[in-house]
Amino acid sequence: MGAMMGTGVGLCIGFIGGAFQILRAGPGPRGTLATLGQFMGTSAATFGFFMSIGTVIRTEEMTGLDEARCRMLTARNGVIITPSSRQRNINAREE
1 MGAMMGTGVG
11 LCIGFIGGAF
21 QILRAGPGPR
31 GTLATLGQFM
41 GTSAATFGFF
51 MSIGTVIRTE
61 EMTGLDEARC
71 RMLTARNGVI
81 ITPSSRQRNI
91 NAREE
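The opening residue of the sequence shown carries number 1 in UniProt numbering; numbering runs sequentially from there.
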C-alpha cells in the first residue's frame, strides 16, 4: 500500500517538477515527453521505494517475547494497557 501511495505521489510531484523544469530551461535534446517521463519515473520510483520501507517498518509486529516484556515494563511503571475499542466491542458481543 505504501509503495502504491508513494508512486502516485511521486508521479504528481514529478509532473509538477518536470513541467516547471521544461518551462524554465527547455526540454533538451530528448524532447518534452521523454524529459517529463524521466522526471516522473525517477520521482515515482524514489517516493515509492521510501514509502514502502516506511510501511514495512510501521506494520512490523512484536514477537511474543517483546510483547511480554512491554507488558511487564508498563505494569511495573503503573501504566495499564487496555484493549482497543474494537477489541472491547468484540468482547462485549461475546458476553
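Don't be surprised by glycine CBs; every beta carbon is placed ideally from N, CA and C.
Which same chain residues, not among the five before or five after residue i, have their C-beta less than 8 angstroms away from its C-beta?
{"i": "residue 97", "result": "Since the displayed the chain opens at 1 and closes at 95, residue 97 lies outside it and no answer follows."}
{"i": "residue 56", "result": "2"}
In chain order, what residues of the same chain have a beta carbon less than 6 angstroms from the beta carbon of residue i, not counting five sequence neighbours either side?
{"i": "residue 41", "result": "none"}
{"i": "residue 70", "result": "none"}
Between which two residues does the alpha helix (DSSP H) carrying residue i extend?
{"i": "residue 71", "result": "64-76"}
{"i": "residue 48", "result": "32-58"}
{"i": "residue 4", "result": "2-25"}
Can you have a look at residue i and say buried or exposed, based on whether 16 or more other CB atoms are within 10 angstroms of its CB?
{"i": "residue 7", "result": "buried"}
{"i": "residue 23", "result": "exposed"}
{"i": "residue 47", "result": "buried"}
{"i": "residue 65", "result": "exposed"}
Which one of the options has the shortest CA to CA distance from residue i?
{"i": "residue 14", "options": "53, 74, 34 and 65", "result": "34"}
{"i": "residue 5", "options": "27, 29, 51 and 32", "result": "51"}
{"i": "residue 36", "options": "12, 55 and 59", "result": "12"}
From residue i to residue j, what does the alpha carbon distance come to, in whole angstroms?
{"i": "residue 21", "j": "residue 72", "result": "56 angstroms"}
{"i": "residue 10", "j": "residue 78", "result": "45 angstroms"}
{"i": "residue 1", "j": "residue 49", "result": "11 angstroms"}
{"i": "residue 45", "j": "residue 26", "result": "24 angstroms"}
{"i": "residue 54", "j": "residue 67", "result": "21 angstroms"}
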